[in-house]
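Novice: Residue numbers (numbering that gives the first Met the number 0), protein chains in the order written: chain V, 0 to 380; chain H, 0 to 63.
For each residue, glycine too, the CB sits at the ideal point set by N, CA and C.
Here it is: the structure, laid out below.
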Amino acid sequence: MALPNDISKIGQIANAVYNSVTANNTAVTALSISNNSVYPSTGGFRRNRIINGSMVIDQRNSGASGTTNGYTIDRWAYYGQQASKGTWGQNLNSVTTLVGYPNYLGFQSSSAYTLLAGDSFAFYQPIEGFNFADLGFGTASAQTVTLSFVVYSSLTGTFGGTLKNFAQTRSYPFTYSIPIANTWTSISVTIPGETSGAWGGSTNAGAAYVQFGLGVGSTLSGTAGAWASASYVSATGAVSVVSTNGATFYVTGIQLEAGSMATPFERLPIGETLMLCQRYYLGYGLTYNLSVGSASTPFGFQSSWLFPVQMRSSPSIVYKDITGNLSCISVYNGNTNHSQGFSGGGISASSQGFSIDANWGYTSTPYGSWCKFLASFSAEL
Amino acid sequence: MLTYTDARYFKFLSGGNDVGIFVKIHGIPTNVPIDPANTDYSNIMHLVESGVLIIKPAEESNNQ
């Protein structure tokens, strides 16, 4: 029996099979599926090229808000050309969420800022080449993709964003409409595959950005609905959230997939989403313990740890002692904590783990017997 | 754009080649690996090539 390329008929077919089996009391011996796919052209599983599109993982801030440029919740970064024009955060302002989407990424403007031509304020996610190359961008076989999400704003009108290559030489501005303020609205944007430009290939390098404009000046805004040889951040004429004091913008359920049809948001167990995020960032979730490696000064440390997943690249490391002193570890003798830096050597990492090979400068007696520190690791694009 | 200051190579205590760069990123002390795929390393090398940043050689002690 062949199945059609129409998901709405799957239920009818299942009923027909069930009725046939129960009526004839016979087993189904052969069942072929014509497209090998529940969702035509997408393969059915692992459709979403966006990581943490449900905004559930927030290793850096644990739900706390921020105002600075850089990564907000996992995999989602904020950029503001001008400082202190708004606040971002997971579930910012605790608005009533849409059923099925308990988390969102929020932004609230802190002034009525008048945009300069070269300004841009945006949320964005860079996508790794390994997760994008099969779409064939930069070749004649480039596939159409569809970006879908759920959005909520205190403002109404036409908002904008872009799909852009990581090299920032090709970009596709898009628009979407929020007709009713303070109401969750589902959006779907279909984008033709781009046959030009460099898109990173099947590597761990950056391939593309998905960007949501929060206020973008004319220089960085382009005509919606067309690929351009420019590094646009949004579409011309889009609503500027940063230009209204107190205006809000919330987004969740972001999915970028092959094909011209938005399929239901791909929900993953939280453990899987966390591991996908940890390929790029591993937070201060663990206190690492060390034993002193030598009995006399200078004390030596040599130890190695594996990451829970292989990271995208060798990560940058920030470490601190248990009281928060950066570039220090906590060394104990008795019940006393000594915050110490290294007197030689250091901490280094590969994509699979990290090692310490160092001395610590504490030389007073009684000597420490064990040590603790925390560390974060970033292999972000 | 991230700011990178006070860059210096460091080695493991047991010797060998430089294993990373100790640098302040927005004032936060950070160990950056020598890996062209690492975004910070790539940014640092662009700053070095443009003459904006100098990486000091590793010291025999007090590496970090």
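Helix, strand or coil: how does DSSP classify Glu58 of chain H here?
Specialist: coil
Novice: Using the rule of at least 16 other Cβ atoms within 10 Å of the residue's Cβ for burial, across every protein chain shown, is Lys55 of chain H buried or exposed?
Specialist: exposed
Novice: Enumerate in chain order the residues of its own chain whose CB-to-CB distance from Ser40 of chain V is below 7 Å, with the five nearest sequence positions on each side excluded.
Specialist: With a pLDDT of 46 at Ser40 of chain V, under the threshold of 50, the predicted position of this residue should be treated as unreliable, though the coordinate-derived value follows. Correct list, in chain order: Ala257 and Gly258.
Novice: Under a CB-based cut-off of 9 Å, is Lys371 of chain V close to chain H?
Specialist: no
Novice: Whose C-beta lies closer than 7 Å to the C-beta of Leu255 of chain V among residues of the same chain, with five residues either side of it excluded?
Specialist: Asn47, Arg48, Ile49, Val144, Leu146 and Val209
Novice: Step through the CB atoms of chain V and report whether any lies within less than 9 Å of the CB of Val47 of chain H.
Specialist: no
Novice: State the Cα-Cα distance for the pair Leu162 of chain V and Pro172 of chain V, rounded to the nearest angstrom.
Specialist: 7 Å
Novice: Where does Ser303 of chain V land, buried or exposed, given buried means 16+ other C-beta within 10 angstroms?
Specialist: exposed
Novice: Name the chain H residues that come within less than 9 Å of Gly345 of chain V, Cβ to Cβ?
Specialist: Phe9, Lys10, Phe11, Leu12, Val18, Gly19, Phe21, Asn30, Asn62 and Gln63
Novice: Could you tell me the alpha carbon to alpha carbon distance between Asp356 of chain V and Ser41 of chain H, rounded to whole angstroms?
Specialist: The straight-line gap from Cα to Cα measures roughly 25 Å.
Novice: Starting from the C-beta of Gly117 of chain V, find all residues in its chain whose C-beta is less than 8 Å away, skip the five residues before and the five after it, and write them out in chain order.
Specialist: Closer than 8 Å at the Cβ level, and outside the excluded window around Gly117 of chain V, lie Gln80, Gly216, Thr218 and Leu219.
Novice: For a quick check, are the C-beta atoms of Gly214 of chain V and Ser119 of chain V less than 9 Å apart?
Specialist: Yes; because the gap between Cβ atoms is below 9 Å, this pair is in contact.
Novice: Helix, strand or coil for Cys276 of chain V? Go by DSSP, reduced to three states.
Specialist: Cys276 of chain V: helix per DSSP, three-state reduction.
Novice: Got a sec? Which residues, its chain only, sit under 7 Å from Asn92 of chain V by beta carbon, not counting five neighbours each side?
Specialist: Gly105, Gln107 and Thr247
Novice: Mind checking Gln142 of chain V: buried by the 16 CB within 10 Å criterion, or exposed?
Specialist: Result: buried.
Novice: Step through the CB atoms of chain V and report whether any lies within less than 9 Å of the CB of Asp39 of chain H.
Specialist: yes
Novice: Find the residues of chain H that neighbour Gly299 of chain V, judging by a C-beta separation of less than 8 Å, and give them in chain order.
Specialist: Leu12
Novice: Would you mind sorting Thr174 of chain V into buried or exposed? The rule is 16 or more other CB atoms within 10 Å of its CB.
Specialist: Burial is judged here by how many other beta carbons sit within 10 angstroms of a residue's own beta carbon; Thr174 of chain V has at least 16 and is buried.
Novice: Taking only beta-carbon positions, decide if Ala6 of chain H is within less than 9 Å of chain V.
Specialist: So no, Ala6 of chain H is outside the interface.
Novice: Cα separation between Asn138 of chain V and Phe129 of chain V?
Specialist: Checking the sequence shown, residue 138 of chain V turns out to be Thr, not Asn. If you take the alpha carbons of Thr138 of chain V and Phe129 of chain V, they lie about 16 Å apart.
Novice: Kindly indicate which three-state DSSP category Thr21 of chain V falls into: helix, strand or coil?
Specialist: Reliability of the predicted coordinates at Thr21 of chain V is poor, the pLDDT of 42 falling under 50, and the value obtained from them is presented with this limitation in mind. Thr21 of chain V: helix per DSSP, three-state reduction.
Novice: Note down, in chain order, each residue of its chain lying with its Cβ closer than 8 Å to the Cβ of Pro307 of chain V, except the 5 sequence neighbours on either side.
Specialist: Taken in chain order, the residues that qualify are Met274, Gln277 and Leu281.
Novice: Anyone know if the C-beta pair for Trp183 of chain V and Thr71 of chain V falls short of 9 Å?
Specialist: no
Novice: Report all residues from its chain with a CB closer than 6 Å to the CB of Gly196 of chain V; omit the five preceding and five following residues, and keep chain order.
Specialist: Gly137, Asn164, Thr168 and Arg169
Novice: Pull out every residue of the segment 180-209 of chain V whose Cβ sits closer than 8 Å to any Cβ of chain H, in chain order.
Specialist: Asn203 and Ala204
Novice: Using a Cβ cut-off of 9 Å (strictly closer), state whether Ser303 of chain V contacts chain H.
Specialist: no
Novice: Could you list which residues in chain V have their beta carbon closer than 7 Å to that of Ile27 of chain H, in chain order?
Specialist: Val317 and Leu325
Novice: Is there contact here, the segment 2-18 of chain H with the segment 372-380 of chain V, by at least three beta-carbon pairs under 8 Å?
Specialist: no
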